[in-house]
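Trainee:
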Amino acid sequence: MTQVNGMWKRLVTACMLLAMPALAWAQSADPKPWQLNMGKGVTASSQHAYDAHMVALIVCIVIGLIVFGAMGYAMFKFRKSKGAVPAQFSHNTTAEIIWTVIPVLILVVMAWPATAKLIAMYDTRDAEMTVKVTGYQWMWKYDYLGEDVSFTSRLDRESDRIRQSGEQPDLAKNPHYLLDVDNPLVLPTNTKIRFVITADDVIHAWWVPALGWKQDAIPGIVNEAWTDIKEPGIYRGQCAELCGKDHGFMPIVVKAVPKAEFEQWLASKKPAPAPEPAPAAPEAAPADAAPATDAAPIAETPAPSAQG
Ligand SMILES: [Cu+2]
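The sequence shown runs -26 to -1, 1 to 282 under mature numbering (1 follows the signal peptide of the UniProt record, and there is no 0).
(1) Looking only at its own chain, which residues have a Cβ that is under 8 Å from the Cβ of residue 161, when we skip the five neighbours before and after it?
(2) Below 8 Å on the Cβ atoms is my contact criterion, and I expect residue 33 with residue 80 to pass it. Report the Cβ-Cβ distance as a whole number of Å.
(3) Under the criterion of a Cβ to heavy atom distance below 8 Å, does residue 218 qualify as lining ligand 1?
(4) Determine the DSSP secondary structure at residue 68, reduced to helix, strand or coil.
(5) Cutting at 6 Å between CB atoms, please list the residues of its own chain near residue 22, excluding the five before and the five after it.
(6) Considering only residues of the segment 75 to 154, which uninterrupted alpha helix (DSSP H) runs meet the minimum length of 4 residues and lie entirely inside it, listed in chain order?
(7) Regarding residue 34 and ligand 3, is the C-beta to nearest heavy atom distance less than 8 Å?
(8) For the beta strand (DSSP E) containing residue 366, list its first residue and its last residue.
(9) What does a CB cutoff of less than 6 Å around residue 15 pick up in its chain, not counting 5 residues either side in sequence?
(10) Taking contact to mean 3 or more Cβ pairs, one atom from each stretch, closer than 8 Å, check whether the segment 131 to 147 and the segment 208 to 215 are in contact.
(11) In whole angstroms, what separates the C-alpha of residue 240 from that of residue 217?
(12) Can you tell me whether residue 36 is buried or exposed? The criterion is at least 16 other CB atoms within 10 Å of its CB, across all chains shown.
(13) Could you compute how far the alpha carbon of residue 12 sits from the alpha carbon of residue 142?
(14) So residue 199 is in the alpha helix (DSSP H); what residue range does that whole segment cover?
(15) Suppose you measure from the CA of residue 207 to the CA of residue 163; what does that come to, to the nearest Å?
(16) Does DSSP put residue 177 in a helix, a strand or coil?
(17) Can you give me the Cβ contacts of residue 165 inside the same chain, cut-off strictly under 6 Å, excluding the 5 residues immediately before and after it?
(18) For residue 194, list the residues DSSP reports as bridge partners.
(19) Report, in whole angstroms, the separation of the C-beta atoms of residue 84 and residue 29, which I expect to be a contact under 8 Å.
(20) Residues bridged to residue 209 by DSSP?
(21) Let me check you understand the geometry: is the CB of residue 109 closer than 8 Å to at least one non-hydrogen atom of ligand 1?
(22) Select from 131, 110, 249 and 155 the residue whose C-alpha is nearest the C-alpha of residue 175.
This is the structure in structure tokens:
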């Protein structure tokens, strides 16, 4: 009897362990120590991925409980010591149809919403702004297209120093060791942002888990993605394609801020406007004279191209 009790205890423990990921519902964007379930993220795409994952997980748990439960019950109830005799049939058409049709139906039920979510994930139309992401060995470059703002973003100096000194990193002193950058990618919240993603040398991949997707950055190819961040915050990621010896040292930091704050930041990053030419004395220009040369600003003469 104690043996049977022990078996049930183990079975219940195993079931609880299997269900634990489903119980870890409430999570923020940063992974926690011993976090078992995937994070919910902060965008519609990441929420969709999380929902699809939870549906699949629950389906798996239910199937596991039914199948292993039936197996356990059959083994225990119809054991040899109780005089059970093996059944002597080899085919049962009804059973075969049932165990083919039910899994097909389950797969269709799971594939239908998953497909709709995938299609939505690739729909970059109606974006309010575009950021070009370029991967380099071993940093990222961000261009705010049409805004004349661009900069590179690389591993912060302190992480770089620690890793090259052979010093043991201290989690308390450097909680974001290898996960911090000098210039984070600043983005507005509640804005549909389109990304065009490419690389300049080898294949990289731009991945911020809280946004819910990763996208390859391939030289000569422009990949697209989009996001719409719901909550302000700092979201961290990394290059997700083995791109050389410093692949592990090109983190990504997205700083999502409210729209007004973003506009301010963007304005502060724009190059200073060319100094205005001194306005001509108003009396000097007769009313019917040709307009002043406002229309012809001092153009920077482009250097003649060396290439034909
Ligand atoms: Cu890379």
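Glycine is no exception: its CB is placed at the ideal position from the N, C-alpha and C atoms.
Mentor: For this structure:
(1) Take residue 161, set aside five residues on each side of it, and the residues of its chain with a beta-carbon closer than 8 Å to its own are 105, 167, 201, 203, 228, 229, 230, 231 and 236, in chain order.
(2) Indeed, because the Cβ distance is near 6 Å, the residues count as touching under 8 Å.
(3) Result yes, Cβ under 8 Å from ligand 1.
(4) DSSP places residue 68 in helix when its eight states are reduced to three.
(5) Around residue 22: 91.
(6) Entirely contained in the segment 75 to 154, the alpha helix (DSSP H) runs reaching 4 residues are, in chain order, 131 to 139.
(7) For the structure depicted, ligand 3 is absent and the ligand set comprises only ligand 1.
(8) Since the displayed the chain opens at -26 and closes at 282, residue 366 lies outside it and no answer follows.
(9) In the same chain as residue 15, and ignoring 5 residues on each side of it, the C-beta atoms closer than 6 Å to its own belong to 184 and 186, in chain order.
(10) Fewer than three Cβ pairs drawn from the segment 131 to 147 and the segment 208 to 215 lie within less than 8 Å of each other, which leaves the two stretches out of contact.
(11) Cα to Cα, the separation comes out at about 31 Å.
(12) Exposed: under 16 other Cβ atoms inside 10 Å.
(13) A direct Cα-Cα distance of roughly 29 Å separates residue 12 from residue 142.
(14) Taken as a continuous stretch (DSSP letters only), residue 199 belongs to no alpha helix (DSSP H), being part of the beta strand (DSSP E) at 197 to 201.
(15) C-alpha separation (whole angstroms): 9 Å.
(16) In this structure, residue 177 counts as coil in the three-state DSSP scheme.
(17) For residue 165, the CB contacts under 6 Å within the same chain, skipping 5 residues up- and downstream, are 102 in chain order.
(18) Answer by DSSP bridge pairing: none, since residue 194 is not bridged.
(19) About 6 Å separates the beta carbons of residue 84 and residue 29, which is inside the 8 Å limit, making them a contact pair.
(20) 228, per the DSSP bridge assignment.
(21) The answer is yes for residue 109.
(22) When 131, 110, 249 and 155 are compared, the shortest CA-CA separation from residue 175 is found for 110.
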